[in-house]
Amino acid sequence: MKLDVRMPIGLFFVLVGALLTVYGAVTLHEPGASPTGVPIDLVWGAVLLAFGIVMVTLARRARRLGV
Amino acid sequence: MTHVAGIDYAVMGLYSAFVLGIGVLLRRSVRTSEDFFLSGRAIPAWVTGLAFLSANLGAQEVIGMGASGAKYGIATSHFYWIGAIPAMVFIGLFMMPFYYGSRARSVPEYLKLRFDEKTRALNAVSFATMTVFSSGISLYAMGKLLHLLLGWSFDASILVAAGVVLAYIFLGGLTSAIYNEVLQFFLIVFGFAPLVFLGLRAVGGWPGLSARLATVAAANGYAPGAYTRSWAFMGHAAHNPVGVEWFGLVMGLGFVLSFGYWCTDFLVVQRAMAANSMTAARRTPLIAALPKMLFPFLVIFPGMIALVVTPPATSRAPSAQVAPAPGAAVTVTATATAAAAAPAGVVPPKLDPRTGAPLRDARGRVVLDYDLATPMLLLNFFPAGLLGLGLTALLASFMSGMAGNVTAFNTVWTYDLYQSYVRPGAPDAHYLAMGRIATVAGIAISIAAAYVAASFNNIMDFLQLVFAFVNAPLFATFALGMFWKRATGHGAFAGLVAGTLAAAVHHGLSLPAGASVGVKGGYLGVLATFPSELAQTFWTAIVAWVTCFLVTILVSLATRPRPEAELGGLVYGLTEKPRDAVAHWYERPVALAAVVLGLTVLLNVVFF
């Protein structure tokens, strides 16, 4: 395959996840940052980051194995 | 208007950069027209499967299904569990061998191989017209929504979105569209999943949501479970908010409309045709069916929640657009007890464009703007940061729907119309260039259609109506073509024309309850009244399908069939059964189909 689609998808979610995680941590105690009482930027940012890392790892592994 | 923070713009900017980057990276791999239109038939099944699903994930899906969730409750899941999954299984198991095995480059081209030139031309012209107008209507909906919610310029919104889609398809063709559809799929999942989590948490989970919707049901004159049970109240059209009885639902939606769309629409079939093997092509719709059956939780639940949730105290959403309590808003005539007990929601009323006052229906009830259910929930529950992700998911849904239409349009235009009737026999590079020109033209027509929709809303309603008439009989033509070797080209053509006319006549002689004569029907005289618009749509489809089926058979029997030797690979019984080249039993399409159907039955039982 020309380009493993998991690589750009993984990189996108790594960047967005990192952005949200950092933003969520910095604004944790600011009013309006958690309208529902859940620090959702921080939590969801970490989820996106983890998903992005899994996708990048799968793409790198596939490239190494030549599949 | 809601304030969009810098972080939100950063997420949207990153998304735009990535979709364009994918187009740029893939540009070098597009050398032939087959690379551009069919991805060189080299994409693995899981990628084509997610793209198959995502190409359908346009505005209608995300905004429209949320709106239906608020309007009809969990019964909207019929559009998935009855109205999509069985057809996706059918195309994967039984129809894909003919689409992929015949080496046709498009669905109209299959019709040419199986029937004749005129049947292909009819399908190609109607399909190409439909795709660009659908794309335009979607573009219009996006521009209007972003202007209303965020105060963004209508012109800038549609031009930027259309420009991004144009750039990545122009550069990387179908592969670029498919890769971006996979990114868009994950973005929509990750953008809406936290919305459902936060929304459900706010209403006390499923039990809390059921209790609140029971109050709304009572206020609207239904049994308490009418919004939270999918089948229990389908015995009679008057007992459920959809206004349809089970037979019309199963035959109209579950059979005619669903099979007509999922099994014959080139927009989705094109993704499977790009797969790297016959087995991968057959697995494409089956892989798509797995996430598809879970999408009601992602796109319908937000609408149901929006109808009854209390907005958070620190919500950044515009308070002026937050609706009064639906108990009061939905039923002014409801009992005082029911109205007082009904919970607050975030779905705003529909406003009269002239006076600015909330619109009321014939019974004096305030009409809610259901299309804003999901977007309003997003604005109420997402803080800066996550709001950027949610808005990007919305944009992604608009873009993936548009890209699906544009890639299908450029292929049908180039192969089925231009190469067949305008300039046959040119070198491949010429058709590749024409594909890129058609991409630009398709986007330009979409933008023009968006402005037409903005100026003359009724014209678009009328066009969508005509498209529905053209689509309704299609599955009868394909089913007879693939499974009855005696079906002829004259039969198929006559069946399609008769089916379309029958749809128009049925629609013209019927009217949904409470509607006025015009685009809603009754223009030939009112012989039948349906309890709802959906019931009328389903029965119109049934009439069109039956007419097409019978006329095709009758005309086929009266005309000369093609010799069997010419139908190998095109018709069941004259085609060798495909062998699955897979390493494990669970990779077989039949095994995957059994899992998909089993899970679908389970979901129907759980929400019965």
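Just so you know, the sequences run in chain order E and C. In terms of this note's numbering, the first sequence opens at residue 355 and continues consecutively. In terms of this note's numbering, the second sequence opens at residue 17 and continues consecutively. By construction, the Cβ of each residue, glycine as well, lies at the ideal position given by its N, Cα and C atoms. From a predicted model like this one, the values you see are computed outputs, not experimental measurements.
### Task
Mind checking the segment 356-376 of chain E against chain C and listing, in chain order, the residues whose C-beta falls within less than 8 Å of any C-beta there?
K356, L357, V359, P362, I363, L365, F366, F367, L369, V370, L373, L374
### Message
At the 8 Å Cβ level, is A400 of chain E part of the contact set with chain C, yes or no?
### Response
no
### Task
Within 10 angstroms of the Cβ of P365 of chain C, are there 16 or more other Cβ atoms? Answer buried if so, exposed if not.
buried
### Cross-chain neighbours of Y431 of chain C in chain E, by beta carbon under 8 Å
Correct list: empty, because the minimum Cβ distance to chain E is about 22 Å.
#### Entry: F110 of chain C versus L69 of chain C: straight-line alpha-carbon distance, rounded
19 Å
#### Entry: Sub-8 Å separation of R245 of chain C and I90 of chain C beta-carbons
yes
#### Entry: Closer than 9 Å at the beta carbon, the chain E residues around G37 of chain C
P362
### Task
Spell out whether any CB of chain C is found under 8 Å from the CB atom of V408 of chain E.
no
### In DSSP terms, what G534 of chain C is bridged to
C:G537
### Task
Indicate whether at least one CB of chain C lies closer than 8 Å to the CB of R417 of chain E.
no
#### Entry: Cβ-based burial, Y386 of chain C [other Cβ within 10 Å; buried from 16]
buried
### Message
Taking 7 Å as the limit between beta carbons, can you name the residues of its chain near I483 of chain C, skipping five residues before and five after?
### Response
A quick correction: the sequence has Phe, not Ile, at residue 483 of chain C. Counting only Cβ-Cβ distances below 7 Å, and skipping sequence neighbours, we find M146.
### Task
State the Cα-Cα distance for the pair A454 of chain C and D377 of chain C, rounded to the nearest angstrom.
44 Å
### Task
Measure the C-alpha to C-alpha separation of A413 of chain E and V401 of chain E and round it to an integer number of angstroms.
19 Å
### Query
Out of curiosity, what's the CA-to-CA distance linking L155 of chain C and E77 of chain C?
14 Å
#### Entry: Cβ separation of L269 of chain C and H94 of chain C, assumed to be a contact under 8 Å, to the nearest whole Å
6 Å
### Message
Could you check whether the Cβ of G420 of chain E sits closer than 8 Å to any Cβ belonging to chain C?
### Response
no
### Whole-angstrom distance between R360 of chain E and L496 of chain C, CA atom to CA atom
40 Å
### Query
A86 of chain C and L323 of chain C: beta carbons closer than 8 Å?
yes
### Beta-carbon gap between I79 of chain C and T430 of chain C smaller than 8 Å
no
### Query
Just to confirm, are L357 of chain E and L41 of chain C a CB contact at a threshold of 8 Å?
yes
### Task
Look up T545 of chain C in the DSSP assignment and say whether it is helix, strand or coil.
strand
### Query
Counting contacts by CB-CB distance shorter than 8 Å, is T411 of chain E in contact with chain C?
no
### Query
Between A75 of chain C and the rest of its own chain, which residues show a CB-CB distance below 7 Å, the 5 nearest in sequence each way excluded?
S154, A157, M158, S413, F414, G417
### Query
Given A61 of chain C, which residues of its chain have a CB within under 7 Å of its CB, disregarding the five upstream and five downstream residues?
A291, A296, R299, T300, I303
### Message
Taking the straight line between their C-alpha atoms, what separation do you get for A400 of chain C and A67 of chain C?
### Response
29 Å
### Query
Does the Cβ-Cβ distance between F275 of chain C and L586 of chain C come in under 8 Å?
no
### Query
Straight-line CA distance for E125 of chain C to L407 of chain C?
38 Å
#### Entry: Contacts of G401 of chain C in chain D (Cβ-Cβ under 7 Å)
In the structure shown, chain D does not exist; the protein chains are E and C.
### Task
Report the rounded CA-to-CA distance for W26 of chain C versus L216 of chain C, giving the unit in angstroms.
Sequence check: residue 26 of chain C is Ala here, not Trp. Each residue's alpha carbon lies about 28 Å from the other.
### Task
Spell out the partners DSSP gives R376 of chain C in its beta bridges.
C:V382
#### Entry: chain E within 8 Å of S45 of chain C, Cβ atoms only
yes
#### Entry: Closer than 9 Å at the beta carbon, the chain E residues around D25 of chain C
A small correction: the amino acid at residue 25 of chain C is Tyr; Asp does not occupy that position in the sequence shown. Within 9 Å Cβ-Cβ: nothing; Y25 of chain C doesn't reach chain E, min ~11 Å.
### Task
Flag A387 of chain E as yes if its beta-carbon sits less than 8 Å from any beta-carbon of chain C, otherwise no.
yes
#### Entry: Chain-ordered neighbours of V63 of chain C on chain E, where CB pairs are closer than 7 Å
V359
### Query
So which residues of chain E does P210 of chain C contact, with C-beta pairs closer than 7 Å?
I394, W398
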